[in-house]
Amino acid sequence: KLAKEMAMCRTVLAELEAHDEAWPFLLPVNTKQFPTYKKIIKSPMDLSTIKKRINEGVYKSKDEFTADMRIIFNNCETFNEDDSPVGKAGHSMRTLFEARWLELN
Ligand SMILES: Cc1ncccc1N[C@H]1CCCS(=O)(=O)C1
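Numbering (my numbering), first residue to last: 4 to 108.
Pasting the structure below:
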């Protein structure tokens, strides 16, 4: 059951990583480039960290995976204007994720 759940997580993660608008989320936000980020965002998260957690067996369920995915998009809304390039990418990637997740569940 967990192996099947993680297979679903890997599938959705791979699809998001391949998306044109995934670029802001592929790696942890560079806090040297964005010095205020650490102060404003209490739980940084990104797609590479989620991939690592799947592969290291950190997640006990798909719900833990979806919780980390949603942290990415919530952090994005907290830090970025909706009409900024990163903000717009965050909204479209969140929509993509939620729609795809519904299809697979
Ligand atoms: C997701 C996010 N939230 C806040 C600030 C920055 C980012 N992402 C960066 C990732 C590296 C390229 S960039 O520096 O243009 C954008």
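From the three backbone atoms N, C-alpha and C, an ideal C-beta is built for every residue, glycine too.
Given the structure is predicted, the values throughout are model-derived calculations rather than measurements.
Check: Using a Cβ-Cβ cut-off of 6 Å (strictly less than) and excluding sequence neighbours within five positions of residue 97, which residues of its own chain qualify?
Finding: 76
Check: Helix, strand or coil for residue 59 per DSSP?
Finding: coil
Notebook entry, point to check: What is the DSSP secondary structure of residue 5, reduced to helix, strand or coil?
Noted result: helix
Notebook entry, point to check: At what residues does the alpha helix (DSSP H) containing residue 89 begin and finish?
Noted result: 88–107
Note to self: Among the candidates 39, 35, 18, whose CA atom is the shortest distance from the CA of residue 29?
What the structure shows: 18
Item checked: Neighbourhood of residue 92 by C-beta, 6 Å cutoff - its chain only, sequence neighbours within 5 removed -> 24, 27
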